[in-house]
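My numbering numbers the first residue of the sequence shown as 3 and each following residue consecutively. Everything below concerns the one structure shown next.
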Amino acid sequence: MSELFTLIKNRQMNDAKSVEELCEKFFPLIKKYARKLNYEDSYNDLQLCFIECILKIPLNSGKFILSDVYILSYIKKAIYFGYIALSKRIENYSYKNILYESYEFFIEKVSYKENLSFFEDELFKTDIGKILNEKEFKICVLKFIERFTDAEIAEQYNVSRQAINKTINKIKKKLYSYYRN
């Protein structure tokens, strides 16, 4: 049996020293993907992914006993997929953050019903008209200015709440991409 196989087997039996040794051995690989993620706790998140991966390696399988190549390949793929999952989560989080910051700014400028005339202003309609169609514009007004719930809007349009939610998410993406560019 190889040293790597022994370290992983010890880790699966809750040996703390073997975790440290394994983390040292795979430091360059984890650091490589952490640099690509480019956020503060990326190294720690990937290291956690690595430790979870080690616990899941099926050492009872015959091919893992034969050679370290299989173990190295398994770990490399697990860290890569962890990197992909984290990058999607960060991308989704930053996308939502930008949207919420934009809405907070927008809502500060337009305070609900007393400034509804601003929202109905022809200039504003023309600007938003480039981005949203008429139905999306009306749903946008109902949701963000009138403060109706999705269920109330759905009732008005005789569709399901999920359909309204889907339309609102579509509106958010359209506004985000338009104002981002």
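Quick reminder that beta carbons are idealized off the backbone N, C-alpha and C, glycines included.
Using a threshold of 8 Å, state whether the C-beta atoms of residue i and residue j are closer than that.
i	j	result
residue 12	residue 4	no
residue 14	residue 57	yes
residue 48	residue 35	yes
residue 7	residue 28	no
residue 38	residue 72	no
Is it buried or exposed, residue i, if we count other Cβ atoms within 10 angstroms and call 16 or more buried?
i	result
residue 169	buried
residue 2	No statement about residue 2 is possible, as the shown extent of the chain runs from 3 to 183 and does not include it.
residue 179	exposed
residue 18	exposed
residue 153	exposed
residue 87	exposed
residue 162	exposed
From the DSSP output, in three-state form, read off residue i for me.
i	result
residue 154	helix
residue 161	coil
residue 4	coil
residue 149	coil
residue 138	helix
residue 132	coil
residue 171	helix
Tell me the rounded alpha-carbon separation between residue i and residue j.
i	j	result
residue 33	residue 41	12 Å
residue 181	residue 60	49 Å
residue 76	residue 148	53 Å
residue 165	residue 172	11 Å
residue 62	residue 10	12 Å
residue 129	residue 135	11 Å
Any heavy atom of the ligand NAD within a distance shorter than 7 Å of the CB on residue i?
i	result
residue 10	Annotation note on the ligand NAD: not contained in the displayed structure, which lists no ligands.
Quiz item: Which runs of the alpha helix (DSSP H), 4 residues or longer, sit entirely within the region 13 to 101?
Solution: 18 to 27, 29 to 39, 44 to 58 and 64 to 68
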